[in-house]
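The listed protein sequences derive, respectively, from chains A and B. For the first sequence, the numbering used here gives the first residue as 7, with consecutive numbering after it. For the second sequence, the numbering used here gives the first residue as 7, with consecutive numbering after it.
Protein chains: 2
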Amino acid sequence: MDDVPARADDKPLLQTLKGQSADRLPIWLMRQAGRYLPEYREVRGKAKNFIDFCFRPDLAAEATLQPLRRFDLDAAIVFSDILVVPLALGQKVWFEEGKGPRLEAIEKADDLAKLSADELEPRLAAVYETLEAVAAELPAGRALIGFAGAPWTLASYMIEGQTSRDFARLKRFAYGQPEAFERLLALLVEAVARHLVAQVRAGAEAVQIFDSWAGVLPQPELKAWSLAPMAEIARRLRAACPGIPVIAFPRGAGLTYGAFAEEGAFDALGLDTTLPRGWAAERLQPKTVVQGNLDPVKLLVGGSALTRGVDEILEALGPQRLVFNLGHGVLPETPPEHVADLVARVRGTAS
Amino acid sequence: MDDVPARADDKPLLQTLKGQSADRLPIWLMRQAGRYLPEYREVRGKAKNFIDFCFRPDLAAEATLQPLRRFDLDAAIVFSDILVVPLALGQKVWFEEGKGPRLEAIEKADDLAKLSADELEPRLAAVYETLEAVAAELPAGRALIGFAGAPWTLASYMIEGQTSRDFARLKRFAYGQPEAFERLLALLVEAVARHLVAQVRAGAEAVQIFDSWAGVLPQPELKAWSLAPMAEIARRLRAACPGIPVIAFPRGAGLTYGAFAEEGAFDALGLDTTLPRGWAAERLQPKTVVQGNLDPVKLLVGGSALTRGVDEILEALGPQRLVFNLGHGVLPETPPEHVADLVARVRGTAS
């Protein structure tokens, strides 16, 4: 808690997340540190593999800071991966080049016995060192964001063993063995809450919880397996670190975004690309700050598709109670100059 | 039009789709003819490849009728594929075993010049023969459904060349070359409308338009590229075949389902797995019949997950103005006896 800096109110992102009137409309981008930047690819090349990259504080801190050197962004988000949590719980995780993550999948209830949160913080010490290194170098007025995957999304990788199209293995486990699945979610709530607390103590000034696969659940299960665990994590985090802003990103939650806003556990909701902005302005913004939701492909295409996309968001959701962002991560093929165009448009300095 | 049978009112599916009170709650399942049935795998083995299968009226008619021999379903849906339309337009389409469809992708506006609907009906004659063969053998009280892919979803395959995760190529084309993209959509509206008219003339008594990838679009584009073309197709079809019921399935449309209901062009909306049923009952059902939306994984798992899932739908959306269905297709690993359990539960004859 003593790590939440007193100068918080000088930072537009924190002003907005705390419901204060901001000096300017804050903007940051999901996956702003990434392959679309040549300097990222260079520093990435110094690591043996992606996991090694995430656990090298010197390299990860450099990747975190790179986008802030190029663009007038209001926040850095620590360079890491949501799968460091399953790794810290004892699950085997690796990345296959060009194929994404692979995990030794949980197949039956007994496999859960192999997982434990006992060593979580020591195993993730490198992430906290990265945050400390970034905090020491962060430009004035910029905020540092920590993050974690939500239990449902982490469970999806832990049970599927990789990304999936229909999530049939995951749902089969969840529907077919509900008690074992609840045990897994409880372990993940504990692990994610502690991981976020440790990130805040290492210098994170706000956190985002990513539920990337919330959108595949019917509504009753979405509330039970996405919303409820995320809300419990937010409560535990706030009990340990009062005042820390929490952004929930239940991607694809659709109408159930309304329940996330009403829950009251989150300071802001990240809106995915598809969420209608008129509805968000009417139904969500009176209860919560919103963040989003430009289609990353409009950023990739640039030109009038980009400027029209930006203007639609500013008109529907700005200028107060809005953190400008994409509705999903920056695509690897995005020209960096389009990001500069985007920031200029949001700042109102573009033609 | 003279092919819409006079006995329509004897068929529960058609009664419900036409807003009449039905003799019983109708049920059919998306992908009810498919790999989960051993007899399907047997007949599939007689074709050289998947495309050949779709163009063999004897085999396709047999696959169409198989699920009705096993289960007390209210409709047969012609066995075919949405990609027969790009094929009939002159695009190269093939299926790689275990990998799904592949197409010679459209890369630039000039590639559109290679496509033409001139030969559409002759090239798809085998589909219409399949419908005629099924219509001749259809058990009493059962309806025959024709279908097509919606322009947005067809465009996704035509431009991506395969299924996609982020649809970046498709959106890049659509956002970056909007005039060429509108030309492609117009061609697809023409082709799909004609394909549906020909299916009705061959014996289809209702049609469903599948927009499987509607859910990846922001709302303004969802209305322009999914809703508007589907509504135009429905209008053209009805002009040629008055009274033919049209089901639209804009999968993942979320809140924009409301705009589909208000448009007034469709007799029913297929609800995907994730759409909250309470909202659908309140906001959609007063304006339209709804169809759906059991999670296919609940059918796969069976037991109490299945019966609870069925009961939730009947309670929220039944018994009138509902066609029972899944929220997505039957999964290949589904035990056929679970489908029998599902039908019995819907019929109220299960314990």
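All residues carry an ideal CB built from backbone N, CA and C; glycine is no exception.
Test item: CB-CB of residue i and residue j under 7 Å
i                : j                    : result
glutamate 268(A) : alanine 237(A)       : no
glycine 152(B)   : glutamine 72(B)      : no
lysine 229(B)    : alanine 186(B)       : no
glycine 323(B)   : valine 296(B)        : According to the sequence displayed, residue 323(B) carries leucine and not glycine. Cβ atoms of leucine 323(B) and valine 296(B): closer than 7 Å.
alanine 254(A)   : leucine 150(A)       : no
glycine 333(A)   : aspartate 278(A)     : yes
alanine 197(A)   : leucine 109(A)       : no
threonine 340(A) : leucine 305(A)       : yes
glycine 194(A)   : proline 226(A)       : The sequence given here places leucine at residue 194(A); glycine does not occur at that position. Contact flag unset, no.
arginine 257(B)  : alanine 220(B)       : yes
tyrosine 181(A)  : valine 133(B)        : no
alanine 212(B)   : leucine 23(B)        : yes
valine 303(B)    : alanine 246(B)       : no
alanine 174(B)   : leucine 300(A)       : no
isoleucine 33(B) : valine 352(B)        : yes
glutamate 138(A) : glycine 249(A)       : no
proline 325(B)   : leucine 31(B)        : yes
tyrosine 46(B)   : alanine 67(B)        : no
alanine 240(A)   : phenylalanine 272(A) : yes
threonine 280(B) : serine 218(B)        : no
leucine 261(B)   : leucine 261(A)       : yes
Residue i at chain C interface by Cβ criterion, 7 Å
i              : result
proline 128(B) : Considering every chain present, this structure includes no chain C. Its protein chains are A and B.
Where residue i meets chain A, residues with beta-carbon distance less than 8 Å
i              : result
leucine 363(B) : Residue 363(B) lies beyond the range of chain B shown here (7 to 357); nothing can be said about it.
arginine 41(B) : Neighbours of arginine 41(B) on chain A: none; closest Cβ ~13 Å, over 8 Å.
Cross-strand partners of residue i (DSSP beta bridge)
i                 : result
glutamine 297(B)  : Gly276(B) and Val329(B)
alanine 154(A)    : Ile215(A)
aspartate 255(A)  : Aspartate is not the amino acid found at residue 255(A); the sequence shown has phenylalanine there. Paired residue(s): Phe216(A).
leucine 109(A)    : Val99(A)
alanine 82(B)     : Leu150(B)
isoleucine 165(A) : DSSP lists no partner for isoleucine 165(A).
isoleucine 33(B)  : Phe330(B)
Within chain A, the residues that residue i reaches when beta carbons sit closer than 7 Å
i              : result
lysine 114(B)  : Chain A residues near lysine 114(B): none, gap ~14 Å exceeds 7 Å.
leucine 121(B) : What leucine 121(B) touches in chain A: nothing, since even the nearest Cβ is about 23 Å away.
alanine 307(B) : For clarity, residue 307(B) is valine in the given sequence; the question names alanine instead. Chain A residues near valine 307(B): Arg178, Tyr181 and Gly182.
Proximity winner among the options, relative to residue i (alpha-carbon distances)
i                   : options                                       : result
glutamine 97(A)     : Thr355(A), Ala81(A), Leu190(A) and Leu290(A)  : Leu190(A)
isoleucine 165(B)   : Pro145(B), Ala123(B), Leu137(B) and Ala115(B) : Ala115(B)
proline 63(B)       : Gly354(B), Pro302(B), Glu343(B) and Ala141(B) : Ala141(B)
lysine 17(A)        : Ala271(A), Val252(A), Leu79(A) and Leu348(A)  : Leu79(A)
leucine 65(A)       : Phe85(A), Arg76(A) and Gly147(A)              : Phe85(A)
glycine 315(B)      : Pro338(B), Pro282(B) and Glu339(B)            : Pro282(B)
valine 349(B)       : Asn331(B), Ala259(B) and Thr70(B)             : Asn331(B)
phenylalanine 59(B) : Val90(B), Arg200(B), Trp34(B) and Ile33(B)    : Val90(B)
arginine 200(A)     : Arg257(A), Ala154(A), Leu93(A) and Pro224(A)  : Ala154(A)
glutamate 103(B)    : Ala94(B), Ala132(B) and Phe56(B)              : Phe56(B)
glutamate 113(B)    : Lys54(B), Arg30(B), Leu176(B) and Trp158(B)   : Leu176(B)
aspartate 117(A)    : Ala161(A), Val252(A), Tyr42(A) and Asp317(A)  : Ala161(A)
arginine 75(B)      : Leu243(B), Pro251(B), Pro338(B) and Ala346(B) : Ala346(B)
leucine 20(B)       : Ala274(B), Arg351(B) and Thr313(B)            : Ala274(B)
arginine 207(B)     : Trp231(B), Thr262(B), Thr136(B) and Asp217(B) : Thr136(B)
alanine 28(B)       : Asp15(B), Gln38(B) and Pro342(B)              : Asp15(B)
tryptophan 231(A)   : Phe179(A), Asp317(A) and Gln214(A)            : Phe179(A)
tyrosine 168(A)     : Val99(A), Leu93(A), Leu126(A) and Leu312(A)   : One point to set straight first is that residue 168(A) is glutamine, not tyrosine, in the sequence displayed. Of Val99(A), Leu93(A), Leu126(A) and Leu312(A), the residue nearest in Cα terms is Val99(A).
glycine 309(A)      : Leu290(A), His344(A), Trp285(A) and Pro184(A) : His344(A)
glutamate 127(B)    : Arg148(B), Pro92(B) and Ala146(B)             : Pro92(B)
glycine 106(B)      : Leu35(B), Tyr263(B) and Tyr163(B)             : Tyr163(B)
Listed by chain order, chain B residues near residue i by CB distance under 8 Å
i              : result
leucine 277(A) : Near leucine 277(A) there are no residues of chain B at all, since even the closest Cβ is about 10 Å away, more than 8 Å.
Contacts that residue i makes with chain B (C-beta to C-beta distance below 9 Å)
i              : result
alanine 322(A) : Per Cβ cutoff of 9 Å: no residues; alanine 322(A) is ~10 Å from chain B at best.
Proximal residues of chain B, C-beta to C-beta of residue i below 7 Å
i              : result
alanine 311(A) : Tyr181 and Gly182
Any non-hydrogen atom of the ligand NAD closer than 6 Å to residue i Cβ
i             : result
proline 32(A) : Absence of the ligand NAD is noted for the structure shown, with no ligands found whatsoever.
Contact list for the stretch 292-304 of chain A against chain B, Cβ threshold 7 Å = Asp301, Val303 and Lys304
Interface residues of the stretch 81-112 of chain A facing chain B [CB-CB below 9 Å] | none
According to a CB-to-CB cut-off of less than 8 Å, which residues of the stretch 216-231 of chain A neighbour chain B?
-> Gly221, Val222, Leu223, Pro224, Gln225, Pro226 and Leu228
Residues of the stretch 173-198 of chain A whose Cβ lies closer than 7 Å to any Cβ of chain B, in chain order = Ala174, Lys177, Arg178, Tyr181 and Gly182
Selection of the stretch 125-158 of chain B by Cβ proximity to chain A, strictly under 7 Å | none
The stretch 333-350 of chain A: which residues have C-beta closer than 9 Å to a C-beta of chain B, in chain order?
-> Gly333, His334, Leu337 and Glu339
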